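Everything below concerns the one structure shown next.
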Amino acid sequence: MKQQLSRREKIHLRIRKRISGTATRPRLSVFRSNTSIYAQLIDDTKGHTLAAASSRDKDIAAKKGTKTEKSYLVGEALAKKALALGITQCVFDRSGYLYHGRVKALAEGARAAGLQF
92 MKQQLSRREK IHLRIRKRIS GTATRPRLSV FRSNTSIYAQ LIDDTKGHTL AAASSRDKDI
152 AAKKGTKTEK SYLVGEALAK KALALGITQC VFDRSGYLYH GRVKALAEGA RAAGLQF
């Protein structure tokens, strides 16, 4: 029996046909659950995660605020890790989610901390 893909997964596959990350310009992938948000910088040529941050990290989880505010902090944290690795540019992969709310806050946080995409 063939498993049906959700609307988001279909959109994600369509995006991934066009977007790919390299070592110099990795892919910033976002995953959003009901309670948390996760972000990774991925080098698709090697299949390695270069840096990652999530709202479940101790320093972010300890802070009070809404999920959208925490998403902004996740974007900032990921950008700081990327800049420490010497990465200044990336390709944004919204993973089929609308560029709205928490996904948008994460992107704005990463841009504010110095990451370009």
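Everything in the sequence shown is counted per my numbering, starting at 92 for the first residue and increasing by one.
For glycine and all other residues, C-beta sits at the position ideal for the given N, C-alpha and C.
Since the model is a prediction, treat every value here as computed from it, not as a measurement.
Asked: Unbroken alpha helix (DSSP H) run spanning R123, endpoints; Found: Premise fails: R123 lies in the beta strand (DSSP E), R118 to R123, not in any alpha helix (DSSP H).
Asked: Residue burial classification, R118 (beta-carbon count within 10 angstroms, cutoff 16); Found: buried
Asked: Contacting residues, own chain, Cβ-Cβ under 8 Å from K101 (five flanking each side not counted); Found: G187
Asked: Residues near T159 in its chain [Cβ-Cβ closer than 8 Å; skip 5 each side]; Found: G192, R193 and A196
Asked: Minimum C-alpha distance to D184 - residue among G200, A170 and F208; Found: F208
Asked: Residue nearest to R213 in terms of C-alpha spacing, selected from T115, D148, I151 and V121; Found: Look at the range of the chain in this structure, 92 to 208, and you will see that residue 213 is not part of it.
Asked: Proximity test, Cβ basis, 8 Å: V182 and chain B; Found: The structure shown has no chain B; it contains just one protein chain.
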